[in-house]
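J.:
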Amino acid sequence: MSTVNIKPLADRVLVEPAAAETTTASGIIIPDNAKEKPQRGTIVAVGPGTKDEPLTVKVGDTVLYGKYSGTELAHEGKDYLIMREADIYAII
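Using this note's numbering, read the sequence shown as starting at 124 and increasing by one per residue.
#1: Could you tell me which of G170, A157, Y212 sits nearest to S192, measuring between CA atoms?
#2: Would you check if the distance between the CB atom of I205 and the CB atom of V182 is smaller than 8 Å?
#3: Using C-beta distances below 6 Å, list every residue in its chain close to I214, excluding the 5 sequence neighbours before and after it, in chain order.
#4: Please report how far the alpha carbon of L132 lies from the alpha carbon of R207, in whole angstroms.
#5: Could you name the residues of the same chain whose beta carbon sits closer than 7 Å to that of E195, not counting the 5 residues immediately before and after it, in chain order?
#6: Quick check on G150: buried or exposed, where buried means 16 or more other Cβ atoms within 10 Å of its Cβ?
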């Protein structure tokens, strides 16, 4: 896991999305324009949380989040999502 020099504020987390599926279970290759947006990723950085609620996720956790959750950003050639912890549905 690489270190990122981005530090989210408050209850926000930085997620590196998992790669989109390139083939189906039966072996059919999916073209780029038909790929689903990934809903799974790995936590890369976490904020300190709020005064009332500390964060429950930690760096390295694999999480599920909503399809349209977070804000996309590119940093040093990699794509990331920054989102609130409330946008995360589960830790897997």
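For each residue, glycine too, the CB sits at the ideal point set by N, CA and C.
T.: Quick answer:
#1: Y212
#2: no
#3: D184, V186
#4: 10 Å
#5: D202, L204
#6: exposed
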